[in-house]
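Going by the numbering used here, the first residue of the sequence shown is number 4, and it counts up by one from there. Built from N, CA and C at the ideal position, the CB exists for glycine as well. Here the structure is a predicted model, which means the values were calculated and not measured.
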Amino acid sequence: MAGGEPRKFDPKFRGPIHNRHCTDVICCVIFIVVILGYIALGVVAWVHGDPRKVIYPTDSYGQFCGQRDTLNENKTILFYFNILKCASPLVLINLQCPTTQLCVSKCPDRFATYIDVQASYRYRPDQWNYFRQFCKPGFNNPRKSVAQVLRDEDCPSMIIPSRPFLKRCFPDFSTKNGVLTVANQTTFKDGRGKTRNVTDLREAANGINNVLDARSVGMKIFEDYAISWYWILIHTPIILIVFLKGIWHCYWEYDHLKGIPGSDLTVYDIGFQTDFKVYLQLRQTWLAFMIILCSVEVIIILMLIFLRNRIRIAIALLKEGSSFLATSGEPVYKVMANQALCKYANLTCDPETFNTTNVTKLCPGAQCTFAFYGGESLYHKYIFIFQLANAFVFLWLVNFAIALGQCTLAGAFASYYWAYRKPADIPLWPLFSSFGRAIRYHTGSLAFGALILAIVQLIRVILEYLDHKLKGTQNSFTRFLLCCLKCCFWCLEKFLKFINRNAYIMIAIYGKNFCTSAKEAFFLLMRNVVRVAVLDKVTDFLLFLGKILVAGGIGVLAFFFFTQRIPVFAQEVPMLNYYWVPLLTVIIGSYLVAHGFFSVYAMCVDTLFLCFCEDLERNDGSTAKPYFMSASLHRILGKKKLSPKKAMG
């Protein structure tokens, strides 16, 4: 049968079974080994990595500009020998400008070329003394030929009026009568006999900005967090205090109603009432409120702890950024080429002998630039593979955490549905019991489902990376094929998420392995395909509206606060570079919290729907085979209990 065999009546079935065994053990062992390897990879990255390079500039010799107790202590700004080379599109690929970079104490404030300075150094020594501060340290030989100086890159071929920006020298652009100028000039000499337009400098500056934009925004975001983080966090303890008071009040009401006639009735017993005060006379109502507030309290406390640690680390990095330890280890240099087809690109090189090799002939304009400290170890040699492994394991762990949460919730909701007398037949602590079963018996199955999804997601990441790299290509067939692959894997990921979600529900109920559970869930859904299509879309839309409402409401309040439009707090709001930084943090955080809560509702709907479909297959509503569904769901479906005679016949 294409849709599988329908479930048959089992008088002993009462929801999630308790007699289970471990499933997908091999995958569980592999998952544990991968986690241990992930921890080891983190240790290796911590030992070999250097987070200072993310924010602070380094010269071509690997020295940090402004580093204490070094020759660059008073040289806090990075100067580019030939900033025109930064206009190359390869800047985005290598995240490095293919020209010599030097730490200087100040940026140049005039136009000058090495040819002109060398020709006049005998009667204008002041010009030479000014120009050579932008040459390599220790170079003071104006009689050396221009060709040799430029070949050995002892000095830049030109300097242009610049100003420091993000600790780097950028051309001092200005606009005069709508025309772009540098020091009131629209053209300049490039030091190699050509006259160039200042728009070439703008393209070069944009090339650097493409690399530095994320760092620039990141630094300012950290600065905004350093100023406003306590305003974000100060509201959290207030919320915690309010919730604590709410928990105490709920407990007081719960205890106060003890012994009052009728207070032990359940919401199910009294049914739907238009007067909400009726529900407030039930102990069950206050118990539910207390449980919800306790859950929210715990979640906020955990978020506060983790968020505080992350922000404190970020602030510490900013405040202690100038307190560097001396750099140690062997510097490694790599070839930075202007041409995309240079076969020597990213290979190691020796800056002392680089200009005498064939690399400069085969790849004109290539530079031997500092890459990192520590020598060409296995870590640096295979760093791309490590990054790929890091991304894959991260995706696997995230999907496993989601799977564990879904399986736990499914077990708890299934315990509710398959209780014939609600809530009397619901087992004690259904959520903790379901979590224990999932961890003890089904870690391997959950890891297996998460592994399949992580592989597809990693392929999608690789396809996005290839698409970004091939954006400039003219091969239409390649782009079409890539677009088709992206579309197919997007659909595959959505399908696998749907199958996995329902497979976890079947695992929580029957305790079988992942493949069997996925197959049974799929066949059950196919036998109810019309109901699935309607329920899935309607539920998603309603939950999405709820999340948008929560995030939007919190976002509006945060906007009025950070834009000083709430008079009570107007004087207390700090001055920010970007007020949208904390605003977006609050909105995104609110949406994520709302998403977390509403995802519980979504899992509840999916679990109850599968249970409902099985209920219709197992039972017929007769006295011998009664439905387990609630009376309200029973009425909505228009089902009527069969008489014993009809049931028999």
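The beta carbon of Q460 sits closer than 7 Å to those of L398, E496, all from its chain and outside the five residues before and after it, given in chain order.
Sixteen is the threshold: when 16 or more other Cβ atoms of the shown chains lie within 10 Å of the Cβ of H445, as they do, the residue is buried.
Excluding sequence positions up to five before and after T26, its CB lies within less than 8 Å of the CB of Y444, H445, G447, S448, I510, G514, K515, N516, F517, all in the same chain and listed in chain order. Ranked by Cα distance from L296, the first of R286, S593, W251 is W251.
Counting every other CB atom within 10 Å of its CB across the protein chains shown gives Q574 a total below 16, marking it as exposed. Non-local beta-carbon contacts of F34 in its own chain, meaning distances under 6 Å to residues more than five positions away in sequence, involve A450 in chain order. Under a 10 Å Cβ-count criterion, Y336 is classified as buried, with 16 or more other Cβ atoms of the shown protein chains found around its own Cβ. Under the DSSP assignment, P128 falls in the alpha helix (DSSP H) whose first and last residues are 128-134.
Cβ-Cβ separation between L456 and V603: approximately 20 Å, too far for a contact (criterion under 8 Å). Setting aside the 5 residues that flank it on each side, E76 is surrounded in the same chain by G69, Q70, each with a C-beta closer than 8 Å to its C-beta; the list follows chain order. For P264, DSSP assigns no beta-bridge partner whatsoever.
Relative to the Cα of N22, the nearest Cα in the group G592, L552, V571, I512 belongs to I512. With 16 or more other CB atoms across the displayed protein chains lying within 10 angstroms of its CB, G452 is buried.
When DSSP states are grouped into helix, strand and coil, Y336 belongs to the strand group. Each of F565, A186, T610 was checked against the Cα of L528, and the nearest Cα belongs to T610.
In this structure, DSSP gives T610 a helical state, which the three-state scheme calls helix.
One Cα belongs to V584, the other to L613, and the distance between them is close to 43 Å. A check of alpha carbon separations from F403 across L454, Q567, T356, Y419 identifies L454 as the nearest. Residue burial is scored here from C-beta neighbours: T189 has fewer than 16 other C-beta atoms within 10 angstroms and is therefore classed as exposed. P167 places its beta carbon 8 Å or farther from that of N85.
Here the alpha carbon of Y126 sits roughly 10 Å from the alpha carbon of V120. Apart from sequence neighbours up to five positions away, the residues of its chain that approach D618 with a beta-carbon distance below 6 Å are Y630, F631, M632, ordered along the chain.
C106 counts as buried, since no fewer than 16 other beta carbons sit within 10 angstroms of its beta carbon. Per DSSP, reduced to three states, the secondary structure at T542 is helical. The region 556-567 makes no contact with the region 519-526; the number of CB pairs closer than 8 Å stays below 3. Per the coordinates, the alpha-carbon of C490 lies some 55 Å from the alpha-carbon of Q136. Taking the C-beta atoms as reference points, A392 is found nearer than 8 Å to L44. For Q567, no alpha helix (DSSP H) segment is defined, and its DSSP state is neither H nor E. Q151 is classed as exposed because its beta carbon has fewer than 16 other beta carbons within 10 Å across all chains shown.
In the structure shown, I80 adopts extended strand secondary structure according to DSSP, grouped into three states.
Judged by beta-carbon spacing, V182 lies beyond the 8 Å limit of F191, meaning their Cβ atoms are not closer than that value. Per DSSP, reduced to three states, the secondary structure at K500 is helical.
The C-beta distance from G558 to S593 rounds to 7 Å, short enough to fall under 8 Å. As a beta-bridge residue in DSSP terms, C106 pairs with L81. The beta-bridge partner set that DSSP reports for K170 is empty.
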